[in-house]
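Everything below concerns the one structure shown next.
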Amino acid sequence: MEKFDLLVIGAGSGGCLTAYTAAKAGLKVGLMDCKPEAKIGDKVCGDAIAGHHFNKLEISAPSKGLDFNSEVKGVKVISPDQSITFKMEGRGMSGSIVDRFRFGQRLLKSAIESGAEFQDSMLVIEPLTEQGYVRGVTAKNLKSGRKEDFHAKVTIDATGIAAAIKNRLPEGFVVEREVSKRDLMACHREIRGNVELEQGYCQIYLNQSVSPAGYFWVFPRDGGKVNVGVGIQASMKGPHPKTQLYNHVLQLPFLKDSKLLHAGGGYVPTRRPLDCFVENGLMIVGDAACMVNPIHGGGIGPSMFAGKLAGEISSDAIMRDDVSRKGLWQYNVDYMKGYGAKQAGLDIFRIFLQEITDDELNYGMKNKLVKESDVLRASVDGDLKLSIGDKAERAFRNIRRLDFLIKLRAVSKKMHRLKNHYFNYPSIEQFPEWRAQIKKLY
Ligand SMILES: Cc1cc2nc3c(=O)[nH]c(=O)nc-3n(C[C@H](O)[C@H](O)[C@H](O)COP(=O)(O)OP(=O)(O)OC[C@H]3O[C@@H](n4cnc5c(N)ncnc54)[C@H](O)[C@@H]3O)c2cc1C
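The sequence shown: position 332 = 650 (the working numbering), numbered continuously.
Here it is in structure tokens:
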């Protein structure tokens with residue numbers, strides 16, 4: 319039976335950053351994953367990451383010759399009838415397409431080199447709990463078939479969408495357990511070759527009939543390849559994302575002669591973050607805590623940011639000998655201020671986009687009821703600010719579609735309110751009241 323200061327379950331981007339940060343701070347850190355070491359980083363993903371995420375971290379951005387695939391200068395958002403393209407560059411839109419496998423391997427190597435003890439092929443089955451505290455985990459060694467207990471002062475659930483520890487907590491713990499299917503995106507993604515596409519721009523297509531309550535994407539990679547996929551709200555009882563990819567997306571002229579290189583699927587929690595990420599002796603990081611941008615599903619950056627915070631705050635709590643919920647609470651506050659508040663604002667914009675029809679969106683984009691600057695501002699800041707002059711001008715030009723503008727104004731107000739609510743994250747004592755307010759605000 320091994321005892322760690324910190325035991326991190328899941329060696330994805332969130333778990334590796336947590337382990338790296340805590341081991342550097344001098345903790346005895348264990349890091350486990352159910353995959354064999356050679357498969358770490360092998361994840362079905364869009365592979366795009368904005369450069370600004372690395373400003374908050376102590377690790378470098380992807381580099382050429384190592385884990386960088388191609389440059390992203392900006393994002394194009396394309397209307398349902400494909401007649402309008404919003405091209406957004408600069409402010410938070412530039413970054414890179416990564417070699418996801420090498421990127422994952424690099425993060426793992428950083429964690430190991432900073433002192434974390436890595437054990438692969440360890441499937442965590444359940445948390446060990448005692449007197450209201452998480453004290454470690456029970457895991458099955460997939461090589462030997464044996465079950466073992468691992469003890470730690472603080473355990474980290476960084477198991478991605480599986481949320482293998484959070485979802486198996488016994489009664490009495492307060493973190494949200496259920497993530498609604500309406501807040502999950504079911505995706506099918508392929509890497510395809512033999513494609514001629516302008517380099518440097520990630521393309522996002524909004525189209526309710528192809529990708530109900532979701533979107534489809536085409537991200538260019540080097541060597542005439544693309545990362546192409548369809549995401550559909552998981553609660554929809556329609557065709558599978560793969561069927562939609564083959565029946566619609568691959569029919570686009572520039573993809574007709576493309577060749578399949580790799581295919582896979584996955585889920586993304588595209589919603590506001592969980593309202594609390596800590597229990598006594600437990601912290602939740604990354605997809606397991608719904609730390610994903612609700613508009614485009616980007617979760618690599620937020621998971622790494624959360625991992626850094628979790629590594630720092632757990633070290634501090636262990637040093638102070640207080641790993642209670644209260645002792646770990648600062649993690650909630652810092653994540654919400656640093657990214658969660660933006661996510662909460664964007665969640666309102668996501669619901670708005672899911673509810674409008676293709677006709678409304680075509681009209682809105684064509685007639686500048688929604689502008690490029692709105693989408694840019696919403697995705698960078700989580701806010702949608704319409705000035706009085708701006709509202710009047712749009713209303714005057716679009717007198718027949720005032721209903722749309724009224725909706726947009728309501729969305730803008732609500733985004734602002736939600737963002738502020740999460741930004742002003744409460745103390746542990748005021749949490750129940752703050753949590754009750756969320757229901758009212760939604
Ligand atoms: C199709 C698709 C496209 C995406 N595109 C993008 C994109 O372009 N850009 C972007 O930023 N994000 C994208 N995302 C989201 C992004 O991949 C995730 O948000 C991010 O990888 C989350 O990191 P994580 O560390 O929380 O989880 P993960 O990277 O999923 O890591 C979790 C780890 O936990 C391990 N694990 C799970 N259960 C157990 C268990 N019981 N015991 C032990 N280990 C376990 C897994 O093996 C895994 O290694 C996409 C996701 C999907 C599905």
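Note that CB positions come from ideal geometry on N, CA and C, so glycine has one too.
| Query | Result |
| --- | --- |
| In whole angstroms, give me the CA-to-CA distance for F491 and N485. | 11 Å |
| Going by the CB atoms, is the gap between L664 and P612 shorter than 8 Å? | yes |
| Sorry if obvious, but does the Cβ on R590 come closer than 7 Å to a heavy atom of ligand 1? | no |
| Taking the alpha-carbon of E678 as reference, which of L720, K655 and L694 has the nearest alpha-carbon? | L720 |
| Ligand 1 and C363: does any heavy atom of the ligand fall closer than 7 Å to the residue's C-beta? | yes |
| So M406 is in the beta strand (DSSP E); what residue range does that whole segment cover? | T403 to E407 |
| Okay, do the stretch 729–741 and the stretch 648–660 touch, 3+ Cβ pairs below 8 Å being the bar? | yes |
| Can you list, in chain order, the residues of its chain with a C-beta nearer than 7 Å to that of G511? Leave out the 5 residues immediately preceding and following it. | G542, K543, S576, K577 and L579 |
| Buried or exposed: which applies to F572, given that a residue is buried once 16 or more other Cβ atoms fall within 10 Å of its Cβ? | exposed |
| What three-state label does DSSP hand M733 in the structure shown? | helix |
| Just to check, is the beta-carbon of C352 closer than 7 Å to a non-hydrogen atom of ligand 1? | yes |
| For the 8 Å Cβ check, are there 3 or more pairs between the stretch 464–479 and the stretch 628–639? | yes |
| Starting from K394, trace the beta strand (DSSP E) in both directions and tell me its first and last residue. | G392 to I396 |
| Taking one C-beta from the stretch 487–507 and one from the stretch 548–556 each time, how about it: are there three or more such pairs within less than 8 Å? | yes |
| Considering Cα atoms alone, identify which of N387, P744, G556 and D467 is closest to D652. | P744 |
| What does I756 pair with, by DSSP beta-bridge criteria? | In DSSP, I756 forms no bridge with anything. |
| Along the beta strand (DSSP E) that carries N545, what are the first and last residues, could you check? | K543 to Q551 |
| So S414 packs on V390, CB below 8 Å; how close in whole Å? | 6 Å |
| Rank G619, R495, L524 and C608 by C-alpha distance to the C-alpha of A368 and give the top, closest one. | G619 |
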